[in-house]
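Residue numbers (our numbering): 264 to 758.
Ideal placement from N, C-alpha and C gives every residue a C-beta, glycine not left out.
Worksheet: the structure to be examined is printed underneath.
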C-alpha cells in the first residue's frame, strides 16, 4: 500500500483553508480546476527549466517511481556527488514530504532556492519555504541560506537563449527561519483536522487568495438566481455587502430598501427586482458617430519566459486582431489577421491593421486594453508611431458608456462583453464556439499553433477557432452600438 504523506502542497492548502485541505484529501473527486490551472503549471515548468540552466552540471531527481524512490535517489546523490546542485531534491521528515526546486551546496551546508513565476515575493512564499526548511532541517540537511528566485519583469530578452538577468534573487533566510519554528504546529493541526470530520468554514476571501480554490462551486452549493456575491462593489462598499451576507441575505432582490448608498449598487438592485433592463436615454448618443465605423479587438499572449528578442516577461504581445467595418449604407465588412508562424508577430499585426482602418472614422473598442496595446506598438516601432497615435486618437471605448447607461438583471453585476452580449443580441453566443471561448483559451490555442509538434490538421482547426472567437468579439460591439443607438427599452428612472 502506498504510504500517505502530508505534502508541502497539502500544508499550503491548509494554510489557505482547512476545509480545502480536508476536501483535497478526503473528497478529491470534488475538485474542479479552473481553465487557468493547466496554463499555470506549464508556465511554472518553463520558468523552472530556465532557472535550472543557470546551474550547469545540476542533477534532476525523477519522480517517475514515486516519493520513496525520489527520497532515496536524493540521498544517494548527496552521498556520491556532494558538490552537485540538485533539482527537485526530495526529502521527508515526520511524514511530511517536500521537493526543493534547487538545492545548491555551499560551505558547511546548502542554499535552498525556491523558483516562482511571479514578479515579486508574496506572503505565502515565505510559508512555502518555511515548510521546506523545516523538513530539511528535520532530515539532517543544514540550510544556510534561503532565496526566493522570481521573475524580473524589467528584463529585456536579447535573444539567442540568453536569459541572464531574467531572475531576481531575494534573500529571505531570516524571515523563513523564524517562520519555520511554527511549522510543527501547522502540521499537527492539519493531521488532527484530517482525522476528524469536514470542517465547517464559511466562504470568504480565502476562497480566492492566494489562489482560486478548486472547491468553490461545491462550497457555494445551489445558489439563488441573483446571488448577493454578484453585486458590484465600488471602492468603499465591500463592507456593506459583507454585512448583508453576515445577516443571511443571499439574493440581490432581498437587500432591504435603504441599506445601499452607492448609486451603482442601488441601480443594480432596482433593475434586478424589476426584472427588466434599463437603458438611459444618453446611450443613444453613441449613434451620432460618423461612418465608416470600425470595431477593433486584439488577442495577445504573455510569456513569463520571453521567446522573442526585445520583449519583457509578461508583456502583452498581440498576435491577432479582428476588425468589423460598418459603412453608412449598412454594409458590414470584416478584416482579420492571426499569426500562425511563431516569429515575433507584433510588427505585422500593426502594419496589417493600419492598412485596414483608414484615416478617419471612430474605432470602437471595449475596455482600454486596445489603447494600451496600440501605445506599446507605437513605442516599439517609432516609424509606425505617427500613424498608430492617429489611430489611438480615434478610439471610442464602449465600456464606460455601457457602464453608465445600461444594465440587465442577467448581467449578474458584470459589464463584461460576454455578460452584456446575450442580453442585447441573444442570437450571438460565445457558448456556441469551440474550445476557444475566452482570452485565456485563445492564448493557449496560439501556443499550440506555433508549437512545431502540433500536427497540421490540429493547427488548422485551432486557427479557425481563433478567428471565429475574435470575430465574435468585434461583431458583439457592432450589435451593442446598434442596440444603444436604437434606444430600445428606454426604461431608465432617476436614482
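Assess contact between the region 683–700 and the region 728–741, defined as three or more Cβ pairs (one per stretch) separated by less than 8 Å. Is contact present? yes
Going by DSSP, what residue range makes up the alpha helix (DSSP H) through residue 528? Your numbering for residue 528 matches position 265 in the chain shown. Note, residue 528: alpha helix (DSSP H), 526–537.
Quick one: residues in its chain with C-beta nearer than 7 Å to the C-beta of residue 757, no 5 flanking neighbours on either side, listed in chain order? Here residue 757 is taken as the residue at index 494 of the chain shown, counted from 1. Bear in mind that the predicted position of residue 757 carries a pLDDT of just 40, short of 50, making it too unreliable to give a figure here.
For the region 556–563 against the region 527–534, are there 3 or more C-beta pairs whose distance is under 8 Å? no
Between residue 306 and the rest of its own chain, which residues show a CB-CB distance below 6 Å, the 5 nearest in sequence each way excluded? Position 43 of the chain shown, counted from the start, is the residue given in the question as residue 306. The answer, listed in chain order, is 380 and 567.
Taking the DSSP output, what are the residues bridged to residue 627? The residue you call residue 627 lines up with position 364 of the chain shown. In DSSP, residue 627 forms a bridge with 558 and 659.
Report yes if the CB atom of residue 589 is closer than 8 Å to the CB atom of residue 556, and no otherwise. Taking the first residue of the chain shown as position 1, residue 589 is located at position 326. Taking the first residue of the chain shown as position 1, residue 556 is located at position 293. Yes, they are a contact pair.
Could you pull out every unbroken alpha helix (DSSP H) segment of at least 4 residues lying fully inside the region 426–468, listed in chain order? 436–443 and 446–457
Quick check on residue 373: does DSSP put it in helix, strand or coil? As a working mapping, residue 373 is identified with position 110 in the chain shown. In the structure shown, residue 373 sits in a strand (DSSP, three-state: E or B).
Inter-residue spacing [alpha-carbon to alpha-carbon] between residue 631 and residue 660: Translated into the one-based positions of the chain shown, residue 631 becomes position 368. Translated into the one-based positions of the chain shown, residue 660 becomes position 397. About 7 Å.
Cβ-Cβ separation, residue 675 to residue 493 (assumed contact under 8 Å), whole Å: To locate residue 493, count along the chain shown from 1; it is residue 230. To locate residue 675, count along the chain shown from 1; it is residue 412. 4 Å between Cβ atoms; contact.
Reduced DSSP category for residue 264 - H, G, I as helix; E, B as strand; rest coil: Within the chain shown, numbered from 1, the residue matching residue 264 stands at position 1. For residue 264, the pLDDT reaches just 40, beneath the cut-off of 50, and the residue's location in the model is therefore unreliable, although a value from the coordinates is still provided. Residue state, collapsed to three classes: coil.
So residue 397 is in the beta strand (DSSP E); what residue range does that whole segment cover? Numbered from 1 along the chain shown, position 134 holds the residue referred to as residue 397. Premise fails: residue 397 lies in the alpha helix (DSSP H), 386–401, not in any beta strand (DSSP E).
Exposed or buried, what is residue 277 when buried is set at 16 or more other beta-carbons lying within 10 Å of its beta-carbon? In the chain shown, counting from the first residue as 1, residue 277 sits at position 14. Buried, because 16 or more other Cβ atoms sit within 10 Å of the Cβ of residue 277.
I'd like to check one pair, residue 658 with residue 628: are the Cβ atoms closer than 8 Å? Against the chain shown, residue 628 aligns to sequence position 365. Against the chain shown, residue 658 aligns to sequence position 395. Result yes, Cβ atoms of residue 628 and residue 658 sit closer than 8 Å.
Own chain partners of residue 518 with C-beta closer than 7 Å, once the 5 adjacent residues on each side are dropped: Numbered from its first residue, the chain shown carries residue 518 at position 255. Same-chain partners within the cutoff: 507, 512 and 532.
When you compare only the Cα positions, how much space is there between residue 439 and residue 419? Your numbering for residue 439 matches position 176 in the chain shown. Your numbering for residue 419 matches position 156 in the chain shown. Those two C-alpha atoms are separated by around 31 Å.
Round the Cβ separation of residue 604 and residue 747 to the nearest angstrom and send it over; I've been treating them as touching at under 8 Å. Counted from its first residue, the chain shown places residue 604 at position 341. Counted from its first residue, the chain shown places residue 747 at position 484. About 39 Å separates the two Cβ atoms, so there is no contact after all.
Determine the DSSP secondary structure at residue 585, reduced to helix, strand or coil. Here residue 585 corresponds to residue number 322 of the chain shown, with the count starting at 1. Of the three classes helix, strand and coil, the one that applies to residue 585 here is strand, per DSSP.
Tell me the DSSP secondary structure of residue 408 in three-state form. Numbered from 1 along the chain shown, position 145 holds the residue referred to as residue 408. DSSP places residue 408 in strand when its eight states are reduced to three.
In this structure, does DSSP put residue 415 in helix, strand or coil? Counting from 1 along the chain shown, the entry for residue 415 is found at position 152. Coil, per DSSP.
Whole-angstrom distance between residue 283 and residue 609, CA atom to CA atom: Indexing the chain shown from 1 puts residue 609 at position 346. Indexing the chain shown from 1 puts residue 283 at position 20. Straight-line Cα distance between these residues: approximately 42 Å.
Please go through the same chain and pick out, in chain order, the residues whose beta-carbon is closer than 7 Å to the beta-carbon of residue 496, but skip the five residues on each side of it. In the chain shown, residue 496 corresponds to position 233, counting from 1. The residues are 504.
Look up residue 574 in the DSSP assignment and give the residues it is bridged to. For this step, residue 574 is matched to residue 311 along the chain shown. In the DSSP output, where bridge partners are listed per residue, residue 574 has none listed.
Check whether the region 415–431 and the region 391–399 are in contact - that is, three or more C-beta pairs closer than 8 Å. no
Report the residue ranges of all beta strand (DSSP E) runs contained in full by the region 637–688; include only those spanning at least 3 residues, in chain order. 658–660
Tell me, please, which residues DSSP counts as bridged to residue 478. Residue numbering aside, residue 478 sits at position 215 when the chain shown is read from its first letter. Answer is none; residue 478 lacks a bridge partner.
If you draw a straight line from the alpha carbon of residue 389 to that of residue 343, how long is it in whole angstroms? Mapped onto the chain shown, residue 389 falls at position 126. Mapped onto the chain shown, residue 343 falls at position 80. If you take the alpha carbons of residue 389 and residue 343, they lie about 31 Å apart.
For the beta strand (DSSP E) containing residue 597, list its first residue and its last residue. By one-based count along the chain shown, residue 597 stands at place 334. Per DSSP, residue 597 belongs to the beta strand (DSSP E) from 595–601.
State the start and end residues of the unbroken beta strand (DSSP E) segment that holds residue 355. Against the chain shown, residue 355 aligns to sequence position 92. Element bounds for residue 355: 349–356.
Exposure of residue 304, with buried meaning 16 or more beta-carbon neighbours within 10 Å: Stepping through the chain shown from its first residue, residue 304 is reached at position 41. Counting Cβ neighbours within 10 Å, residue 304 comes out exposed, since fewer than 16 surround it.
Between the alpha carbons of residue 703 and residue 665, how many angstroms are there, rounded? Against the chain shown, residue 703 aligns to sequence position 440. Against the chain shown, residue 665 aligns to sequence position 402. Whole-angstrom Cα-Cα distance: 24 Å.
Extent of the continuous alpha helix (DSSP H) to which residue 568 belongs: In the chain shown, residue 568 corresponds to position 305, counting from 1. Here residue 568 belongs to no alpha helix (DSSP H), and DSSP marks it neither H nor E.
Assess, as a yes-or-no matter, whether the region 669–683 is touched by the region 641–654 under the definition of 3 or more beta carbon pairs within less than 8 Å. no
Under 8 Å, do residue 654 and residue 620 count as touching if we go by C-beta distance? Along the chain shown, one-based indexing puts residue 654 at 391. Along the chain shown, one-based indexing puts residue 620 at 357. Yes. Within cutoff.
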